[in-house]
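Undergrad: The structure that follows is given in the form of structure tokens.
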Amino acid sequence: MAKFSRPFLLLKRIGKIQKRVKVDTQKLRRKLLRELEQIFNEAVKMARGEVTVQGRELTVKQRQLWARVAAYTAQVMQSIAKGFDEREIDVQLRELRRLVDEAKAKAGTGYTA
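Here the sequence shown stands for residues 1 to 113, where the numbers follow the working numbering.
Pasting the structure below:
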């Protein structure tokens, strides 16, 4: 049986952790991008007027707000695709939530496709 030094074993363990973190980060990135793509697609539908809110069509102002949500969602997606900074993504997701809340408040609470 071969003997390995503690530093070697620690380096090996660190290497395994780094590999797992890299895989987990990529998996999380893909999941976030899929979920953001769904938000983007729904916001685009609202911006195009393909969706009604409580049986009424959206006004031009409401559609503009949803276009803003779609544009910001695309920016967040691009940022995540380029790199993964958890803190920056958290800030961007909070801003996206604020934009959606603003658009939702002006468009009503529910919508139908």
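The beta-carbon is built from N, C-alpha and C at its ideal position, and this holds for glycine as well.
All values derive from a computational prediction rather than experimental measurement.
Between which two residues does the alpha helix (DSSP H) harbouring Q54 extend?
TA: Run containing Q54: none; DSSP gives neither H nor E here.
Undergrad: Considering only their Cβ atoms, is the gap separating L11 from I80 smaller than 8 Å?
TA: No, these two residues do not count as a Cβ contact at 8 Å.
Undergrad: Could you tell me the alpha carbon to alpha carbon distance between L96 and R68, rounded to whole angstroms?
TA: Rounded to whole angstroms, L96 to R68 spans 10 Å at the Cα level.
Undergrad: Taking the alpha-carbon positions, what's the A70 to I14 distance?
TA: Taking the straight line joining both Cα atoms gives about 40 Å.
Undergrad: Give the secondary structure of E88 by DSSP, where H, G and I count as helix, E and B as strand, and everything else as coil.
TA: Residue state, collapsed to three classes: helix.
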